[in-house]
Amino acid sequence: MSFGRASLLLLLPCIGLLIGLLTGVGTLVQQAFTGVEGSSVANVADFLGRPEAMRVFWYTHRIALEVTAICLLIAYPLAVFMALRPKVIYLVLILMPLMVSIVVRTYGWVVILGPRGLVNTALRAAGIIDRPLPLMFNDGGVIVGLVHIFIPFAVLAILAVYVKIEKTLLEAAMVLGASPLKVFLRVVLPLSLPGVATAASIVYLLSLGAIVTPLLLGGQQQNMLGTMIYNQMLVYYNFPAASAAAILLTGSAAIAVIPFQLVDRWATRKLPSRRT
Amino acid sequence: MKPAQAVLTAFAAAAFAFILAPILVVVVASVTPRGYLEFPPQGLSLRWYVEVLTSWAWGRAFLVSVALATVAATATTFVCFLAALVTTRRRVPGKNLLEFLIQLPLLLPHAALAMALFSLILVLGLRGSFPGLAVAHLILVMPFVYAPIVNGLRQHDLSVEEAAATLGADPITVFRKITLPMIRPALVSAFLFSFIVSFDEVTVSVFLIGVDMTTLPVKILSDIQASASPAIAAVSTLLMGLTLAMVYIINRLIGIRLFVENRA
Numbered sequence: 000m001s002f003g004r005a006s007l008l009l010l011l012p013c014i015g016l017l018i019g020l021l022t023g024v025g026t027l028v029q030q031a032f033t034g035v036e037g038s039s040v041a042n043v044a045d046f047l048g049r050p051e052a053m054r055v056f057w058y059t060h061r062i063a064l065e066v067t068a069i070c071l072l073i074a075y076p077l078a079v080f081m082a083l084r085p086k087v088i089y090l091v092l093i094l095m096p097l098m099v100s101i102v103v104r105t106y107g108w109v110v111i112l113g114p115r116g117l118v119n120t121a122l123r124a125a126g127i128i129d130r131p132l133p134l135m136f137n138d139g140g141v142i143v144g145l146v147h148i149f150i151p152f153a154v155l156a157i158l159a160v161y162v163k164i165e166k167t168l169l170e171a172a173m174v175l176g177a178s179p180l181k182v183f184l185r186v187v188l189p190l191s192l193p194g195v196a197t198a199a200s201i202v203y204l205l206s207l208g209a210i211v212t213p214l215l216l217g218g219q220q221q222n223m224l225g226t227m228i229y230n231q232m233l234v235y236y237n238f239p240a241a242s243a244a245a246i247l248l249t250g251s252a253a254i255a256v257i258p259f260q261l262v263d264r265w266a267t268r269k270l271p272s273r274r275t
Numbered sequence: 000m001k002p003a004q005a006v007l008t009a010f011a012a013a014a015f016a017f018i019l020a021p022i023l024v025v026v027v028a029s030v031t032p033r034g035y036l037e038f039p040p041q042g043l044s045l046r047w048y049v050e051v052l053t054s055w056a057w058g059r060a061f062l063v064s065v066a067l068a069t070v071a072a073t074a075t076t077f078v079c080f081l082a083a084l085v086t087t088r089r090r091v092p093g094k095n096l097l098e099f100l101i102q103l104p105l106l107l108p109h110a111a112l113a114m115a116l117f118s119l120i121l122v123l124g125l126r127g128s129f130p131g132l133a134v135a136h137l138i139l140v141m142p143f144v145y146a147p148i149v150n151g152l153r154q155h156d157l158s159v160e161e162a163a164a165t166l167g168a169d170p171i172t173v174f175r176k177i178t179l180p181m182i183r184p185a186l187v188s189a190f191l192f193s194f195i196v197s198f199d200e201v202t203v204s205v206f207l208i209g210v211d212m213t214t215l216p217v218k219i220l221s222d223i224q225a226s227a228s229p230a231i232a233a234v235s236t237l238l239m240g241l242t243l244a245m246v247y248i249i250n251r252l253i254g255i256r257l258f259v260e261n262r263a
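Taken in order, these protein sequences are the chains called A and B. First residue of the first sequence: 0, per numbering that gives the first Met the number 0; consecutive thereafter. First residue of the second sequence: 0, per numbering that gives the first Met the number 0; consecutive thereafter.
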C-alpha cells in the first residue's frame, strides 16, 4: 500500500483521544493553580502548609519505598528461579493474578486477614489466640496488599533482562576460577541491575498512585495520597484540594523515579556487553 | 550448588503460594452457606451464586462492564491500528511525542490519571454517563493496544505486499488479502487484552460512575466497603472465571509469552 501525505489523516482519531487526555491533564493543572481570585498557588501552598496533608505525603512515599524493597526481595529470586527452569506453567502462575481485577485480589486479602479470616480462624482453632489479631486496617495490611499486586510486574521486568544475560560470560568466570557466589555477585547481579532498576521504578510509581488497596486494607490512619484524592473528590467534593494533591503526587513521583533511572543508565553504560 | 537450588525452589514455592493465596481463598469462601463471610466455609452451598445471578443490580453492573469493555476494546483497537499503520510505514513528524502521549496513561500515577480523566469528563459534561466512562476507558487502554499492534506490523514482511502489488493486486486487495491476515493475531490479542484491562478497571471508573451507571468492579468495591457479604466472593469468582477464560483464549491464539515481550 502506498502511504502518501493523505495517510496522516489516519492519525486523526488517535490524536483526538490524546487531545482529550491532554485536556484532562490541563484542566487538572489549571484547577490546582486556581484560587478564589484567579490564578494562584494557594491550593498547592495550602497542601504544603497543612501538617496532616504533608504527613499523608511522606507516608505515601514511605509505604511505596517499603513495598518496592519487599517486592524486589521476593521478585529477584523468583525471576532467577523462572530463568533457570523456563516452564510455561510458572509464567502462567505469574501472569494469572495480573489479569484478575485489583479489587478482587484486594478482597482476597480481606478474606485472609480479616477478623473472621483465614489467619485468625486458624490461630484461634489452634488455641494460640482468643481474640482476633488486627491484621488489616494498618500499615501491614496495606503493604501486603500492594506487594501482592505489584510482584508480577517486578518479576517480569527482572526476568526480561535476566534471560538475556550471556551464558558464556558465566562460563568464562567459572573457568577462570570464580566460585558460584562470586559469579553471582560480580557477573550476574551487575548484569541484571537494569532489570532491577526498571522493576523498582514501576513498583514505586504504581504504589504511589494506588487507591483501592489502601482504601480497603488501610485504616483511618493509613491514608495514602490516592485515598486522600479519592476522599477529597468523592466525599468532600473539594476539586481544588484533590487537584493539588494529584499535582504533588505526579511531581514527586517524577522526582522519585530519577534515582532508579540513574542506576539503570549507570549499569547499562558500565556494561558495554549488553548492547550487543 | 545443590543446597542453594533447593533453597531457591522452596523460596519460589512459597512465593507462588503467596501470589495465588488471595485468589484461591476468594473461590473457596464463595461456597459458604452462611450469611456472613467466613474462612474456611462451614459447609457447601451455591446459595450466593444463585443470589448474585438472579440479582438485577449485579446483572446490570455486569452488562455495563461488558458493554464498556466491548466499546473501549473495539474502538481503541481500530484507532490504534490506523495510527500504527502510519507510524510504522512512513516518517511522521512528532512521532516520539505521539508515542509518549499514548504511553502517558501508564506513566502517570493511577490516582492522578483518574483525576485527569475525571476532569476531562467534567469538561465534556459526561459525568455519570456511559459515554463518559467509554471516553475514559478508550484513553486508558491505548498503551495496551498500541504496543502489540506496532510489534505485529514490524514483524510483518513488506516485500509480500510489494509482490502482491507487482502481480497486479490493487491496494484494497493487498490490504484485505495480505496485510489484514498477517496482522490479525496482533489485533485479536490487542482487542482481548484491552477488553480485560477495561473490564477489570476500578481505580479510574470509581470517579466516573453515576447514580445508576456503575461497573462490576466498582460495585464490588462499594459493596466491600458497605458489607462483607459472601455474595462479593461469588461475584469475584465469576469475574475471575471470565477474565481467565479470556486469557486462555489469548494463549491459544497467540501464546502467553506475548505478554512478557510487551511489558518488557
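All residues carry an ideal CB built from backbone N, CA and C; glycine is no exception. All figures in this text were calculated on a predicted structure; none of them were measured in a lab.
Roughly how many angstroms lie between the CA atoms of residue 184 of chain B and residue 252 of chain B, to the nearest whole one? Straight-line spacing of the CA atoms in residue 184 of chain B and residue 252 of chain B works out to 7 angstroms.
Among B/1, B/108, B/80, B/90, which residue has its Cα nearest to the Cα of residue 24 of chain A? Looking at B/1, B/108, B/80, B/90, the one whose alpha-carbon comes closest to that of residue 24 of chain A is B/108.
Taking all protein chains shown into account, decide if residue 216 of chain A is buried (16 or more other Cβ within 10 angstroms of its Cβ) or exposed. Here residue 216 of chain A is buried. Its C-beta has 16 or more other C-beta atoms within 10 Å.
From the DSSP secondary-structure annotation, give me the bridge partner or partners of residue 209 of chain B. DSSP, once it has assigned bridges, lists B/212 as partnering residue 209 of chain B.
Neighbour flag for residue 60 of chain A against chain B, beta carbons, 8 angstroms: No, because no Cβ of chain B sits closer than 8 angstroms to the Cβ of residue 60 of chain A.
Three-state class that DSSP yields for residue 31 of chain B in the structure shown: If DSSP states are grouped into helix, strand and coil, residue 31 of chain B belongs with coil.
Would residue 70 of chain A count as contacting chain B if we go by Cβ distances under 8 angstroms? Chain B contact via Cβ: absent.
Which chain A residues are close to residue 280 of chain B, counting only those with a beta carbon under 9 angstroms from its beta carbon? Past the boundaries of the shown model lies residue 280 of chain B; chain B is included only from 0 to 263, so the question cannot be answered.
For a contact meaning CB atoms closer than 9 angstroms, what does residue 8 of chain B contact in chain A? Those are 80, 84, listed as they occur along chain A.
Listed by chain order, chain B residues near residue 30 of chain A by CB distance under 8 angstroms: What residue 30 of chain A touches in chain B: 118.
Verify whether the separation of the beta carbon atoms of residue 230 of chain B and residue 51 of chain B is less than 8 angstroms. Cβ distance < 8 angstroms, so residue 230 of chain B and residue 51 of chain B count as in contact.
Output, in sequence order along the chain, the residues in the segment 78-90 of chain B whose CB is closer than 7 angstroms to any CB in chain A. Residues passing the 7 angstroms Cβ filter: 78, 79, 81, 82, 84, 85, 88, 89.
Residue 202 of chain B, DSSP secondary structure in three states: When secondary structure is reduced to three states using DSSP, residue 202 of chain B falls in the coil class, being assigned neither helix nor strand.
First and last residue of the alpha helix (DSSP H) that includes residue 109 of chain A? Per DSSP, the continuous alpha helix (DSSP H) segment holding residue 109 of chain A begins and ends at 101-112.
I think residue 154 of chain A touches residue 78 of chain A, with their Cβ atoms under 8 angstroms apart; what is that distance to the nearest whole Å? So it is a contact: roughly 5 angstroms between Cβ atoms.
Distance cutoff 8 angstroms, beta carbons only. Does residue 128 of chain B sit that close to anything in chain A? By this cut-off, residue 128 of chain B is not an interface position.
Excluding the 5 residues flanking residue 177 of chain A on each side, which residues of the same chain have their C-beta closer than 8 angstroms to its C-beta? Around residue 177 of chain A: 185, 186.
Spatial distance of residue 40 of chain B from residue 20 of chain B (CA atoms): Answer to the nearest angstrom: the Cα atoms are 16 angstroms apart.
For the ligand NAP, is there a heavy atom less than 7 angstroms away from the beta-carbon of residue 30 of chain A? What this structure holds is no ligand at all, so the ligand NAP is not there to describe.
Minimum length 4: unbroken alpha helix (DSSP H) runs contained in the segment 218-252 of chain B: Within the segment 218-252 of chain B, no complete alpha helix (DSSP H) run reaches 4 residues.
If you draw a straight line from the alpha carbon of residue 121 of chain A to that of residue 43 of chain B, how long is it in whole angstroms? Roughly 19 angstroms separates the two Cα atoms.
What residues in its chain sit with their C-beta under 7 angstroms from that of residue 40 of chain A, if we drop five residues either side in the sequence? These residues qualify, in order along the chain: 32.
Closest to residue 150 of chain A by C-alpha separation, out of A/244, A/74, A/175, A/210, would be which residue? Of A/244, A/74, A/175, A/210, the residue nearest in Cα terms is A/74.
Whose C-alpha, out of A/212, A/219, A/248, A/218, is nearest the C-alpha of residue 228 of chain A? Taking only the C-alpha atoms, the option nearest residue 228 of chain A is A/248.
Please tell me whether residue 107 of chain A has its Cβ less than 8 angstroms away from any Cβ of chain B. Yes, residue 107 of chain A counts as interfacial toward chain B.
Pairwise C-alpha distance: residue 232 of chain B and residue 69 of chain A: Cα to Cα, the separation comes out at about 28 angstroms.
Over the uninterrupted alpha helix (DSSP H) stretch that includes residue 155 of chain B, give me the two end residues. It is not in any alpha helix (DSSP H) - residue 155 of chain B carries neither H nor E in the DSSP assignment.
Ordered along the chain, which non-local residues of its own chain (more than five positions away) have a Cβ less than 7 angstroms from that of residue 181 of chain B? Counting only Cβ-Cβ distances below 7 angstroms, and skipping sequence neighbours, we find 155.
is_contact[residue 67 of chain A, chain B] using C-beta, thresh 8 angstroms: False, the Cβ-Cβ gap to chain B never drops below 8 angstroms.
Helix, strand or coil at residue 33 of chain A [DSSP, three-state]: If DSSP states are grouped into helix, strand and coil, residue 33 of chain A belongs with the strands.
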